[in-house]
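So in UniProt numbering, spot 169 of the sequence shown is number 169, and the numbers just go up one at a time. Beta carbons are placed, not taken as given, at the ideal position from N, Cα and C, and that holds for glycine. Since the structure comes first, as structure tokens, the remarks are kept for the end.
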Amino acid sequence: MPWVWLHPPPPQKRASQGQVSRQLLMVLFPCREGLPRPPPLLAQPNLPFGYPVHGVEVMPLHTIPIPGLRFEGPDTPIYEVTLTASLGTLNTLADVPDNVVKGRGQKQLNILTSSRELLNFILQHVTYTSTEYHLHRVDVGESVLGWQNAEGPHKHHHCPRPRLSSSCPERKLRDLVTIATKTFLRPHKLMTMLRSVREYYPDLTVIVADDSKEPLKITDSHVEYYTMPFGKGWFAGRNLAISQVTTKYVLWVDDDFIFNSKTRIEALVDVLEKTELDVVGGSVIENTFQFKLLLEQGKNGDCLHQQPGFFRPVDGFPDCVVTSGVVNFFLAHTERLQRVGFDPRLQRVAHS
């Protein structure tokens, strides 16, 4: 009886925890950016053209197929269609003779054929190439068949690029969160706040922006202390502080806040990690400072109305609600906060 050696199959290469975490971040990124965009809105062929009316996007100097081009009109001996563009050129991937398609790579593409099937085949493979570097411009393409014409927009813009934080699953809170604050002429309040932070979060980095007359001597190795011209202002200091944050999240606190056993930064992180929100606020002395902002547009200007309350609960977090304003104890996506910033003209009032 012969012996048969059975070799075990080679082990499957398992993704590391870091790779799995990074894959999760890549899944969450498009959700936060509203991606993927809704599919293009196509007008059904009742003009007798079918064509895109919304949602066609192209990056500058790139080529895309134009979806939805289709002819469903009456039969004629000869079909002659003219397509035009202004910020780009047109072509077709269909391999047809030059006497059928003229103007390849030009701003005007002419199609001449006696076959309805061939016409639709060519239209289904028409491409648009952006030839000018424009951002947020719209090229309105035109399709003409005899006296019938239709127009469809092509939007030029760059796709958002993901900026992913560290994907290590063993990352600690200090790798995710930096505390930031602004102080002015009350060093005793600041030092009390720092001591309370150290009692509950001994290794979190704290960034301090100070526009007092005299700089302080702070020996805490986890405190980054930045001085400013005297009286520069609250929001100028906020901009300075958040500009130095390199972690994924920044926790903003006032310099007179005191951390206690109920302070749970981890709970705020959990909300931002699992939702599309940019900012999540806490409570200070049981005050969450919730309000709604409603915009009323008018001929002579717009009016912003402030109302107490919230819009809706946050899915998955029954104790959280969506609102327009939070108290000065909030956790935010650093990149989003840096992108918006604070108005440095607001110098002395900064309570929301």
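In chain order, what residues of the same chain have a beta carbon less than 6 Å from the beta carbon of residue i, not counting five sequence neighbours either side?
i: S212; result: F184 and L185
i: H333; result: D278
i: T129; result: T63, G88 and T89
i: P65; result: T127
i: G282; result: F329
i: I78; result: S114
i: V96; result: none
i: D210; result: T183 and T227
i: M102; result: The question names Met, but residue 102 in the sequence shown is Lys. Once the five neighbours on either side are set aside, the close Cβ partners of K102 are N110.
i: R312; result: V322
i: I218; result: Y225
Whole-angstrom Cβ separation of residue i and residue j, contact assumed at under 8 Å?
i: D203; j: R171; result: That belief does not hold up - the Cβ atoms of D203 and R171 are roughly 13 Å apart, past 8 Å.
i: L240; j: D220; result: The pair is not a contact, with the Cβ atoms about 19 Å apart (cut-off 8 Å).
i: I242; j: Q347; result: The pair is not a contact, with the Cβ atoms about 17 Å apart (cut-off 8 Å).
i: V100; j: T89; result: Not really, about 18 Å apart at Cβ, beyond 8 Å.
i: K299; j: D255; result: About 44 Å; that fails the 8 Å criterion.
i: S196; j: D139; result: The pair is not a contact, with the Cβ atoms about 58 Å apart (cut-off 8 Å).
i: K292; j: F310; result: 7 Å
i: Y249; j: L119; result: At roughly 56 Å, the Cβ-Cβ gap does not stay under 8 Å, so Y249 and L119 are not in contact.
i: D75; j: R116; result: 7 Å
Is the CB-CB distance between residue i and residue j below 8 Å?
i: L176; j: V269; result: yes
i: V208; j: Y226; result: yes
i: V284; j: F329; result: yes
i: H125; j: T92; result: yes
i: R70; j: L123; result: yes
i: V280; j: I179; result: no
i: P344; j: G231; result: no
i: G50; j: E72; result: yes
i: Y133; j: L216; result: no
i: R238; j: F121; result: no
For residue i, which beta-bridge partners are listed by DSSP?
i: H305; result: L294
i: E80; result: L112
i: I179; result: V206 and L251
i: I65; result: The question names Ile, yet the displayed sequence has Pro at residue 65. DSSP lists T127 as partners of P65.
i: residue 372; result: Nothing can be reported for residue 372: it is not among the residues displayed for the chain, which extend from 1 to 352.
i: K102; result: N110
i: N120; result: Partner(s): none; N120 has no beta bridge.
i: H333; result: Y249
i: V340; result: V340 is not bridged to any residue.
i: R70; result: G50
i: P313; result: V321
i: N91; result: T127
Between residue i and the rest of its own chain, which residues show a CB-CB distance below 8 Å, the 5 nearest in sequence each way excluded?
i: A267; result: none
i: V314; result: V271, T275, L277, C320, V321 and V322
i: K107; result: T84, A85, S86, G88, T89 and L90
i: N287; result: V327
i: P229; result: D211
i: S261; result: Y200
Given residue i, which residues of its chain have a CB within under 7 Å of its CB, disregarding the five upstream and five downstream residues?
i: R336; result: D278
i: Y200; result: F259 and T263
i: F289; result: G325, V326, V327 and S352
i: E296; result: D302, C303 and H305
i: H222; result: D203, L204, T205 and V206
i: Q307; result: F291, K292 and L294
i: T192; result: I258
Those runs of the alpha helix (DSSP H) which lie wholly inside the stretch 243 to 303 and span at least 4 residues:
265 to 274
Runs of alpha helix (DSSP H) wholly within the stretch 206 to 247 (minimum 4 residues, chain order)
Fully enclosed alpha helix (DSSP H) runs of no fewer than 4 residues occupy 234 to 243 of the stretch 206 to 247, in order along the chain.
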